[in-house]
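A short worksheet on the structure shown next.
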Amino acid sequence: MKLYHGSAVPGIETLLPRVSSHGRPLVYLTDIETLALIYACNPLTPPDGYFPYYVTPDGELHYDEYYPGAFDDIFTGRSGYIYACEVSEELPRLDRMTWVYLSEAPVKVSSCEYVPDLRAALLKAEAARRLHIHRYETLSEKKLAGIQRMILREFTDPEKPVDPESEYARFCRARFPYVDELFWKDI
2 MKLYHGSAVP GIETLLPRVS SHGRPLVYLT DIETLALIYA CNPLTPPDGY FPYYVTPDGE
62 LHYDEYYPGA FDDIFTGRSG YIYACEVSEE LPRLDRMTWV YLSEAPVKVS SCEYVPDLRA
122 ALLKAEAARR LHIHRYETLS EKKLAGIQRM ILREFTDPEK PVDPESEYAR FCRARFPYVD
182 ELFWKDI
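Just so you know, the sequence shown maps onto residues 2 to 188 in our numbering.
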């Protein structure tokens, strides 16, 4: 089975497990090549990530702009690499994201494609209907309220306190004014 991995790092011959948001070293792969384009540009240092996408039950890939101009902010001027891997064994998948495959062992790369302009490649995928980009201005009030609740929940979860000076917090504070307000509410 052919699986893909997107990265900004050139010259990878073997994908090595890295500490992830799941707390243990893993290699992440997907069977959706267009999704690998999205993962080729992480605006944050792993294991943090910012990937506002979802896949519908019928397999359609969607990308939501969580703030005005988000798509251009993330992808303009960025390049990346799409690594393909031929995997013979059955790999486990994430429960709620069945298009994401996990490997605890290194995975050999079979080919690599350099993508000099990720924004252009994603717009081409959108034109070919392999990706649906939902611009911020087109999102419903209900959707925007849901996005705000989700992001605020990340910053108010007492089980996982967020350092207000962390890279992720700085990223969110610069783009979501309601996050920044959380840190000033007690003053």
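By construction, the Cβ of each residue, glycine as well, lies at the ideal position given by its N, Cα and C atoms.
Rounded to whole angstroms, what is the Cα-Cα separation between residue i and residue j?
| i | j | result |
| --- | --- | --- |
| I188 | A121 | With a pLDDT of only 37 at I188, under the threshold of 50, the placement of this residue in the model should not be trusted; the figure read from the coordinates follows. When rounded, the distance between both Cα atoms is 44 Å. |
| V101 | E61 | 14 Å |
| P162 | P58 | 32 Å |
| E90 | L103 | 12 Å |
| A1 | P117 | Because the chain in this structure spans residues 2 to 188, residue 1 falls outside the shown range and cannot be described. |
| S191 | T157 | The chain is shown only over 2 to 188; residue 191 falls outside these bounds and no answer can be derived. |
| V108 | A175 | 36 Å |
| G12 | T35 | 20 Å |
| D96 | D164 | 28 Å |
| L145 | L132 | 20 Å |
| E160 | I33 | 33 Å |
| A85 | S112 | 5 Å |
| P69 | I75 | 11 Å |
| T99 | L38 | 18 Å |
| G147 | R154 | 10 Å |
| T77 | R171 | 20 Å |
| R150 | F177 | 12 Å |
Any idea what DSSP makes of residue i, helix, strand or coil?
| i | result |
| --- | --- |
| L123 | helix |
| I134 | strand |
| T99 | coil |
| Y169 | helix |
| P178 | helix |
| G24 | coil |
| E155 | helix |
| K3 | strand |
| K161 | coil |
| I188 | Summary for I188: the model assigns pLDDT 37, below 50, so the residue's position carries little reliability; its value from the coordinates is reported in the next sentence. Reduced to three states, the DSSP call for I188 is coil. |
| L16 | strand |
| A128 | helix |
| L145 | helix |
| L140 | coil |
| L92 | coil |
Short check: CB of residue i to CB of residue j, under 8 Å?
| i | j | result |
| --- | --- | --- |
| Y54 | P44 | no |
| A126 | I83 | no |
| Y169 | D49 | yes |
| V88 | L4 | yes |
| R94 | L119 | no |
So residue i and residue j are in contact, right, with Cβ under 8 Å, and what is the actual spacing, rounded?
| i | j | result |
| --- | --- | --- |
| F72 | I134 | 6 Å |
| L27 | E105 | 6 Å |
Measuring only from the beta carbon, is residue i closer than 7 Å to any heavy atom that is part of the ligand FMN?
| i | result |
| --- | --- |
| L183 | With respect to small molecules bound, the structure shown includes none, and the ligand FMN cannot be examined in it. |
Tell me the start and end of each unbroken beta strand (DSSP E) in the region 33 to 82 that is at least 3 residues and wholly inside, in chain order. 54 to 56, 62 to 65
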